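Working notes, structure below.
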Amino acid sequence: MKNILTQFLVRAIKAFDWPLLIILLLFAGLGMLVMHSAVGEAEGRFLGQGRNFIIAFFVMWFVALWTPSQIMKIVIPFYVIGCLSLLAVLLFGYTSKGATRWLDIGFLRIQPSEMMKLCVPMMLAWYFDKHRSDLKIFDFFIAGILLLIPFVLIIKQPDLGTAILVFTTGFCVIYFAGLSFKLLTPLFIIGVTVITLILYYEPILCQPDFDWVILHDYQKTRVCTLLDPTLDPLGKGFHTLQGMIAIGSGGIYGKGYMQGTQTHLDFIPEQTTDFIYAVYAEEFGMYGSIFLLILYTLLLARCFVIVLKAKTQFGALLAGALTMMFFVYIFVNMGMVMGILPVVGVPLPFMSYGGTALVTLGLASGLLMSISNYKPSKPSN
(Lines of atoms letter the chains of each structure in order from A; the text may use other names.)
(Lines give C-alpha, C1' and ligand atoms only; values in the text may rest on other atoms or scores of the structure.)
Protein backbone atom coordinates (compact mmCIF):
# COMPACT_ATOMS: atom_id res chain seq x y z
CA MET A 2 0.00 0.00 0.00
CA LYS A 3 2.84 2.35 0.90
CA ASN A 4 4.60 1.63 -2.40
CA ILE A 5 1.41 2.31 -4.36
CA LEU A 6 0.94 5.65 -2.58
CA THR A 7 4.57 6.57 -3.19
CA GLN A 8 4.28 5.74 -6.89
CA PHE A 9 1.11 7.82 -7.17
CA LEU A 10 2.75 10.83 -5.49
CA VAL A 11 5.79 10.56 -7.76
CA ARG A 12 3.56 10.38 -10.82
CA ALA A 13 1.46 13.30 -9.56
CA ILE A 14 4.56 15.46 -9.11
CA LYS A 15 6.01 14.49 -12.49
CA ALA A 16 2.73 15.40 -14.18
CA PHE A 17 3.46 19.10 -13.66
CA ASP A 18 5.42 21.21 -16.09
CA TRP A 19 7.17 23.18 -13.36
CA PRO A 20 8.12 26.33 -15.31
CA LEU A 21 4.51 26.64 -16.47
CA LEU A 22 3.19 25.86 -12.98
CA ILE A 23 5.35 28.57 -11.37
CA ILE A 24 4.10 31.16 -13.88
CA LEU A 25 0.49 30.13 -13.22
CA LEU A 26 0.98 30.35 -9.44
CA LEU A 27 2.32 33.90 -9.89
CA PHE A 28 -0.80 34.74 -11.88
CA ALA A 29 -3.02 33.22 -9.19
CA GLY A 30 -1.42 35.38 -6.50
CA LEU A 31 -1.57 38.54 -8.63
CA GLY A 32 -5.13 37.78 -9.75
CA MET A 33 -6.37 37.36 -6.17
CA LEU A 34 -4.60 40.58 -5.14
CA VAL A 35 -6.28 42.62 -7.87
CA MET A 36 -9.62 40.88 -7.28
CA HIS A 37 -9.52 41.94 -3.62
CA SER A 38 -9.31 45.55 -4.69
CA ALA A 39 -11.89 45.21 -7.47
CA VAL A 40 -14.68 43.51 -5.48
CA GLY A 41 -15.16 46.35 -2.98
CA GLU A 42 -17.82 45.20 -0.53
CA ALA A 43 -18.61 42.00 -2.42
CA GLU A 44 -16.27 39.79 -0.39
CA GLY A 45 -18.23 36.71 -1.52
CA ARG A 46 -16.90 37.22 -5.04
CA PHE A 47 -13.31 37.34 -3.72
CA LEU A 48 -13.78 34.03 -1.89
CA GLY A 49 -15.54 32.64 -4.95
CA GLN A 50 -12.54 33.47 -7.13
CA GLY A 51 -10.29 31.67 -4.65
CA ARG A 52 -12.53 28.62 -4.95
CA ASN A 53 -12.42 28.91 -8.75
CA PHE A 54 -8.61 28.90 -8.73
CA ILE A 55 -8.55 25.79 -6.52
CA ILE A 56 -11.00 23.96 -8.80
CA ALA A 57 -9.04 25.02 -11.90
CA PHE A 58 -5.80 23.77 -10.28
CA PHE A 59 -7.19 20.30 -9.63
CA VAL A 60 -8.72 20.16 -13.12
CA MET A 61 -5.32 21.09 -14.57
CA TRP A 62 -3.56 18.44 -12.47
CA PHE A 63 -6.10 15.75 -13.38
CA VAL A 64 -5.75 16.43 -17.12
CA ALA A 65 -1.94 16.59 -16.85
CA LEU A 66 -1.95 12.98 -15.58
CA TRP A 67 -3.34 11.81 -18.93
CA THR A 68 -1.12 11.08 -21.91
CA PRO A 69 -1.86 12.61 -25.34
CA SER A 70 -2.77 9.16 -26.66
CA GLN A 71 -5.37 8.77 -23.89
CA ILE A 72 -6.73 12.24 -24.59
CA MET A 73 -7.10 11.42 -28.29
CA LYS A 74 -9.53 8.61 -27.41
CA ILE A 75 -12.09 11.04 -25.97
CA VAL A 76 -11.76 13.80 -28.58
CA ILE A 77 -14.63 12.67 -30.86
CA PRO A 78 -17.18 12.16 -28.02
CA PHE A 79 -16.06 15.46 -26.51
CA TYR A 80 -16.61 17.30 -29.81
CA VAL A 81 -19.97 15.63 -30.57
CA ILE A 82 -21.32 16.32 -27.07
CA GLY A 83 -20.19 19.93 -27.40
CA CYS A 84 -21.98 20.43 -30.74
CA LEU A 85 -25.16 18.75 -29.47
CA SER A 86 -25.05 21.00 -26.40
CA LEU A 87 -24.82 24.08 -28.64
CA LEU A 88 -27.81 22.83 -30.60
CA ALA A 89 -29.70 22.27 -27.35
CA VAL A 90 -28.94 25.87 -26.34
CA LEU A 91 -30.62 27.14 -29.52
CA LEU A 92 -33.67 24.93 -28.96
CA PHE A 93 -34.32 25.40 -25.23
CA GLY A 94 -31.44 27.37 -23.73
CA TYR A 95 -31.58 29.91 -20.92
CA THR A 96 -31.76 33.55 -22.04
CA SER A 97 -30.17 36.43 -20.17
CA LYS A 98 -29.63 40.03 -21.35
CA GLY A 99 -30.91 39.20 -24.83
CA ALA A 100 -28.56 36.27 -25.44
CA THR A 101 -29.30 32.55 -25.21
CA ARG A 102 -25.99 30.98 -24.20
CA TRP A 103 -26.70 28.68 -21.26
CA LEU A 104 -28.25 25.31 -20.51
CA ASP A 105 -30.14 25.12 -17.23
CA ILE A 106 -29.92 21.55 -15.89
CA GLY A 107 -31.57 22.27 -12.54
CA PHE A 108 -28.69 22.35 -10.09
CA LEU A 109 -26.26 23.94 -12.54
CA ARG A 110 -26.20 26.38 -15.44
CA ILE A 111 -23.55 25.62 -18.04
CA GLN A 112 -22.26 27.51 -21.08
CA PRO A 113 -21.39 24.95 -23.80
CA SER A 114 -19.65 27.53 -25.99
CA GLU A 115 -16.83 27.71 -23.42
CA MET A 116 -16.23 23.99 -23.90
CA MET A 117 -15.84 24.49 -27.65
CA LYS A 118 -12.77 26.68 -27.14
CA LEU A 119 -10.99 23.41 -26.39
CA CYS A 120 -13.19 20.91 -28.27
CA VAL A 121 -12.57 22.49 -31.67
CA PRO A 122 -8.73 22.61 -31.60
CA MET A 123 -8.63 19.11 -30.06
CA MET A 124 -10.89 17.72 -32.80
CA LEU A 125 -8.93 19.38 -35.61
CA ALA A 126 -5.57 18.33 -34.13
CA TRP A 127 -6.88 14.75 -33.91
CA TYR A 128 -8.15 14.86 -37.50
CA PHE A 129 -4.88 16.11 -38.99
CA ASP A 130 -2.87 13.66 -36.89
CA LYS A 131 -4.93 10.77 -38.30
CA HIS A 132 -4.39 12.00 -41.88
CA ARG A 133 -0.80 13.21 -41.54
CA SER A 134 0.63 10.55 -43.89
CA ASP A 135 -1.65 11.43 -46.82
CA LEU A 136 -2.89 14.99 -46.43
CA LYS A 137 -4.98 16.35 -49.31
CA ILE A 138 -6.88 19.55 -50.10
CA PHE A 139 -10.09 17.66 -49.32
CA ASP A 140 -8.87 17.15 -45.75
CA PHE A 141 -8.65 20.91 -45.27
CA PHE A 142 -12.21 21.20 -46.60
CA ILE A 143 -13.45 18.65 -44.03
CA ALA A 144 -11.52 20.49 -41.31
CA GLY A 145 -13.23 23.72 -42.35
CA ILE A 146 -16.65 22.09 -41.91
CA LEU A 147 -15.66 20.77 -38.47
CA LEU A 148 -14.73 24.34 -37.56
CA LEU A 149 -17.75 26.07 -39.11
CA ILE A 150 -20.40 23.90 -37.40
CA PRO A 151 -19.69 25.13 -33.83
CA PHE A 152 -18.80 28.61 -35.12
CA VAL A 153 -22.22 29.08 -36.72
CA LEU A 154 -24.06 27.63 -33.72
CA ILE A 155 -22.28 30.05 -31.37
CA ILE A 156 -22.92 33.01 -33.70
CA LYS A 157 -26.65 32.15 -33.53
CA GLN A 158 -26.76 32.57 -29.72
CA PRO A 159 -25.49 35.35 -30.38
CA ASP A 160 -21.96 35.38 -28.87
CA LEU A 161 -19.56 37.03 -31.29
CA GLY A 162 -16.63 37.20 -28.85
CA THR A 163 -16.60 33.47 -28.09
CA ALA A 164 -17.25 32.62 -31.75
CA ILE A 165 -14.17 34.62 -32.78
CA LEU A 166 -12.04 32.83 -30.18
CA VAL A 167 -13.30 29.40 -31.29
CA PHE A 168 -12.72 30.25 -34.95
CA THR A 169 -9.23 31.64 -34.26
CA THR A 170 -7.98 28.61 -32.33
CA GLY A 171 -9.49 26.22 -34.86
CA PHE A 172 -8.09 28.14 -37.82
CA CYS A 173 -4.62 28.10 -36.21
CA VAL A 174 -4.70 24.30 -36.17
CA ILE A 175 -5.63 24.26 -39.89
CA TYR A 176 -2.83 26.72 -40.70
CA PHE A 177 -0.23 24.89 -38.60
CA ALA A 178 -1.23 21.63 -40.28
CA GLY A 179 0.05 22.95 -43.61
CA LEU A 180 -2.49 25.34 -45.13
CA SER A 181 -0.68 27.40 -47.77
CA PHE A 182 -0.19 31.06 -46.91
CA LYS A 183 -1.02 31.91 -50.53
CA LEU A 184 -4.61 30.84 -49.90
CA LEU A 185 -4.84 33.39 -47.08
CA THR A 186 -3.76 36.35 -49.23
CA PRO A 187 -7.24 36.97 -50.71
CA LEU A 188 -8.77 36.85 -47.21
CA PHE A 189 -6.18 39.36 -46.00
CA ILE A 190 -6.95 41.70 -48.91
CA ILE A 191 -10.70 41.41 -48.28
CA GLY A 192 -10.21 42.14 -44.58
CA VAL A 193 -8.10 45.25 -45.20
CA THR A 194 -10.61 46.46 -47.80
CA VAL A 195 -13.59 46.01 -45.45
CA ILE A 196 -11.84 47.84 -42.59
CA THR A 197 -10.86 50.70 -44.93
CA LEU A 198 -14.43 51.05 -46.22
CA ILE A 199 -15.85 51.04 -42.67
CA LEU A 200 -13.44 53.80 -41.61
CA TYR A 201 -14.18 55.88 -44.73
CA TYR A 202 -17.97 55.52 -44.59
CA GLU A 203 -18.26 55.60 -40.80
CA PRO A 204 -20.58 58.68 -40.69
CA ILE A 205 -23.08 56.86 -42.91
CA LEU A 206 -22.68 53.33 -41.52
CA CYS A 207 -23.15 54.45 -37.91
CA GLN A 208 -26.42 56.29 -38.50
CA PRO A 209 -29.14 54.83 -36.20
CA ASP A 210 -31.39 53.84 -39.11
CA PHE A 211 -28.65 52.19 -41.20
CA ASP A 212 -29.00 48.37 -41.25
CA TRP A 213 -25.76 46.34 -41.49
CA VAL A 214 -27.79 43.20 -42.32
CA ILE A 215 -25.04 40.72 -41.40
CA LEU A 216 -24.64 42.03 -37.82
CA HIS A 217 -27.04 42.41 -34.91
CA ASP A 218 -27.75 45.96 -33.71
CA TYR A 219 -25.63 45.49 -30.57
CA GLN A 220 -22.69 44.29 -32.70
CA LYS A 221 -23.02 47.30 -35.00
CA THR A 222 -23.09 49.52 -31.91
CA ARG A 223 -19.86 47.97 -30.62
CA VAL A 224 -18.05 48.71 -33.89
CA CYS A 225 -19.35 52.28 -34.05
CA THR A 226 -18.50 52.86 -30.40
CA LEU A 227 -14.96 51.67 -31.11
CA LEU A 228 -14.65 54.18 -33.96
CA ASP A 229 -15.90 57.06 -31.80
CA PRO A 230 -16.86 56.34 -28.16
CA THR A 231 -17.68 60.03 -27.59
CA LEU A 232 -20.82 59.67 -29.73
CA ASP A 233 -22.61 58.24 -26.69
CA PRO A 234 -20.35 58.93 -23.66
CA LEU A 235 -23.02 58.10 -21.07
CA GLY A 236 -24.43 55.12 -22.96
CA LYS A 237 -22.74 52.73 -25.34
CA GLY A 238 -19.36 54.48 -25.14
CA PHE A 239 -19.31 54.59 -21.34
CA HIS A 240 -17.41 51.31 -20.88
CA THR A 241 -14.63 52.23 -23.29
CA LEU A 242 -14.21 55.79 -22.04
CA GLN A 243 -14.07 54.81 -18.36
CA GLY A 244 -11.54 52.09 -19.07
CA MET A 245 -9.31 54.55 -20.93
CA ILE A 246 -9.68 57.15 -18.16
CA ALA A 247 -8.72 54.59 -15.49
CA ILE A 248 -5.62 53.46 -17.39
CA GLY A 249 -4.54 57.04 -18.10
CA SER A 250 -5.09 58.21 -14.52
CA GLY A 251 -2.78 55.47 -13.23
CA GLY A 252 0.16 57.27 -14.81
CA ILE A 253 3.64 55.78 -14.48
CA TYR A 254 3.57 54.57 -10.86
CA GLY A 255 -0.16 54.04 -10.31
CA LYS A 256 -2.37 55.37 -7.52
CA GLY A 257 -1.50 52.52 -5.18
CA TYR A 258 -3.22 49.37 -4.04
CA MET A 259 -6.87 49.97 -3.04
CA GLN A 260 -6.46 53.65 -3.99
CA GLY A 261 -8.01 53.62 -7.46
CA THR A 262 -10.75 56.26 -7.55
CA GLN A 263 -12.30 55.07 -10.81
CA THR A 264 -12.57 51.61 -9.26
CA HIS A 265 -13.83 52.41 -5.80
CA LEU A 266 -16.25 55.08 -6.96
CA ASP A 267 -17.73 52.47 -9.32
CA PHE A 268 -16.99 54.29 -12.56
CA ILE A 269 -15.34 51.23 -14.12
CA PRO A 270 -18.02 48.83 -15.40
CA GLU A 271 -17.60 45.04 -15.05
CA GLN A 272 -14.51 45.72 -12.95
CA THR A 273 -14.13 42.13 -11.73
CA THR A 274 -14.54 40.54 -15.18
CA ASP A 275 -13.99 42.13 -18.59
CA PHE A 276 -12.47 45.40 -17.32
CA ILE A 277 -10.24 44.13 -14.52
CA TYR A 278 -7.18 45.31 -16.44
CA ALA A 279 -8.43 48.90 -16.00
CA VAL A 280 -8.52 48.31 -12.22
CA TYR A 281 -4.99 46.93 -12.31
CA ALA A 282 -3.55 49.68 -14.54
CA GLU A 283 -5.09 52.47 -12.42
CA GLU A 284 -3.60 51.15 -9.18
CA PHE A 285 -0.22 49.89 -10.45
CA GLY A 286 0.41 52.25 -13.36
CA MET A 287 2.68 51.77 -16.35
CA TYR A 288 5.32 49.83 -14.39
CA GLY A 289 2.68 47.42 -13.14
CA SER A 290 1.38 46.96 -16.68
CA ILE A 291 4.90 46.23 -17.92
CA PHE A 292 5.27 43.60 -15.17
CA LEU A 293 1.95 42.03 -16.22
CA LEU A 294 3.02 41.97 -19.88
CA ILE A 295 6.32 40.32 -18.87
CA LEU A 296 4.37 37.61 -17.03
CA TYR A 297 2.17 37.02 -20.07
CA THR A 298 5.26 36.95 -22.31
CA LEU A 299 6.80 34.28 -20.06
CA LEU A 300 3.55 32.30 -20.24
CA LEU A 301 3.45 32.44 -24.04
CA ALA A 302 7.18 31.69 -24.30
CA ARG A 303 6.81 28.56 -22.14
CA CYS A 304 3.82 27.46 -24.23
CA PHE A 305 5.90 27.96 -27.38
CA VAL A 306 8.69 25.79 -25.92
CA ILE A 307 6.10 23.06 -25.27
CA VAL A 308 5.03 23.29 -28.92
CA LEU A 309 8.63 22.80 -30.04
CA LYS A 310 9.28 19.84 -27.74
CA ALA A 311 5.99 18.03 -28.53
CA LYS A 312 6.64 14.41 -29.52
CA THR A 313 3.52 13.94 -31.67
CA GLN A 314 1.79 15.95 -34.38
CA PHE A 315 -1.40 15.91 -32.31
CA GLY A 316 0.48 17.43 -29.39
CA ALA A 317 2.24 20.06 -31.49
CA LEU A 318 -0.94 21.19 -33.25
CA LEU A 319 -2.97 21.29 -30.05
CA ALA A 320 -0.26 23.09 -28.06
CA GLY A 321 0.12 25.64 -30.86
CA ALA A 322 -3.63 26.30 -30.89
CA LEU A 323 -3.77 26.67 -27.09
CA THR A 324 -0.84 29.09 -27.19
CA MET A 325 -2.72 31.19 -29.74
CA MET A 326 -5.84 30.97 -27.57
CA PHE A 327 -3.95 32.51 -24.65
CA PHE A 328 -2.55 35.22 -26.95
CA VAL A 329 -5.97 36.11 -28.40
CA TYR A 330 -7.50 36.27 -24.90
CA ILE A 331 -4.78 38.70 -23.78
CA PHE A 332 -4.74 40.82 -26.93
CA VAL A 333 -8.52 41.15 -27.26
CA ASN A 334 -9.17 41.91 -23.59
CA MET A 335 -6.43 44.52 -23.23
CA GLY A 336 -7.27 45.95 -26.64
CA MET A 337 -10.94 46.50 -25.81
CA VAL A 338 -10.13 48.07 -22.42
CA MET A 339 -7.67 50.47 -24.09
CA GLY A 340 -10.21 51.34 -26.80
CA ILE A 341 -8.44 49.84 -29.82
CA LEU A 342 -10.85 46.88 -30.19
CA PRO A 343 -14.64 46.55 -29.79
CA VAL A 344 -15.99 45.62 -26.37
CA VAL A 345 -16.65 41.88 -26.33
CA GLY A 346 -17.09 39.43 -23.49
CA VAL A 347 -13.52 38.11 -23.35
CA PRO A 348 -11.90 37.70 -19.90
CA LEU A 349 -8.29 38.51 -19.10
CA PRO A 350 -6.61 35.10 -18.53
CA PHE A 351 -6.05 34.20 -14.86
CA MET A 352 -7.15 37.67 -13.77
CA SER A 353 -10.87 38.07 -14.53
CA TYR A 354 -13.52 36.56 -12.28
CA GLY A 355 -15.31 33.51 -13.62
CA GLY A 356 -15.58 29.84 -12.78
CA THR A 357 -16.20 28.56 -16.32
CA ALA A 358 -13.39 30.66 -17.81
CA LEU A 359 -10.88 29.57 -15.16
CA VAL A 360 -11.80 25.91 -15.51
CA THR A 361 -11.35 26.23 -19.29
CA LEU A 362 -7.92 27.80 -18.74
CA GLY A 363 -7.11 25.05 -16.23
CA LEU A 364 -8.04 22.41 -18.80
CA ALA A 365 -5.87 24.13 -21.41
CA SER A 366 -2.93 24.31 -18.98
CA GLY A 367 -3.37 20.63 -18.11
CA LEU A 368 -3.32 19.69 -21.80
CA LEU A 369 -0.11 21.68 -22.26
CA MET A 370 1.50 19.89 -19.31
CA SER A 371 0.41 16.51 -20.67
CA ILE A 372 2.02 17.34 -24.03
CA SER A 373 5.16 18.68 -22.35
CA ASN A 374 5.79 15.59 -20.22
CA TYR A 375 4.83 12.94 -22.77
CA LYS A 376 7.60 10.53 -23.70
CA PRO A 377 6.68 7.84 -26.25
CA SER A 378 7.40 4.35 -25.03
CA LYS A 379 10.38 2.73 -26.74
CA PRO A 380 9.47 -0.22 -28.95
CA SER A 381 10.60 -3.54 -27.55
CA ASN A 382 13.32 -5.41 -29.43
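Read in order, the letters of the sequence shown correspond to residues 2 to 382 in our numbering.
Quick reminder that beta carbons are idealized off the backbone N, C-alpha and C, glycines included.
As the structure is a computational prediction, the values presented were derived from the model and not from experiment.
The beta carbon of T231 sits closer than 8 Å to the beta carbons of G238 and L242 from its chain, once the five residues preceding and following it are set aside; these are given in chain order. Collapsing the DSSP output to three states places Y375 in coil. Looking at the backbone, the Cα of I155 and that of L148 are separated by about 11 Å. Residues of the same chain with a CB within less than 7 Å of the CB of T274, apart from the 5 flanking positions on each side, are P348, S353, Y354 and G355 in chain order. The beta carbons of A282 and G257 sit no closer together than 9 Å. The closest CA to that of N374, considering only C304, F327 and T357, is found on C304.
When the Cα atoms are used, M36 and I56 turn out to be separated by approximately 17 Å. Here L31 is not near L369, since their CB atoms are 9 Å or more apart. In the three-state scheme derived from DSSP, where H, G and I count as helix and E and B as strand, S38 is classed as helix.
When DSSP states are grouped into helix, strand and coil, L180 belongs to the coil group.
Between the alpha carbons of P151 and V40 lies a distance of about 34 Å.
The alpha-carbon of L92 is positioned some 46 Å away from that of G289.
DSSP places R102 inside the beta strand (DSSP E), whose first and last residues are A100 to D105. Assignment of I111 by DSSP, reduced to helix, strand and coil, places it in the strand class.
Excluding its 5 nearest sequence neighbours in each direction, V344 has C-beta neighbours in its own chain below 8 Å: R223, T226, L227, H240, T241, D275 and M337, listed in chain order.
Boundaries of the beta strand (DSSP E) around T96: Y95 to S97.
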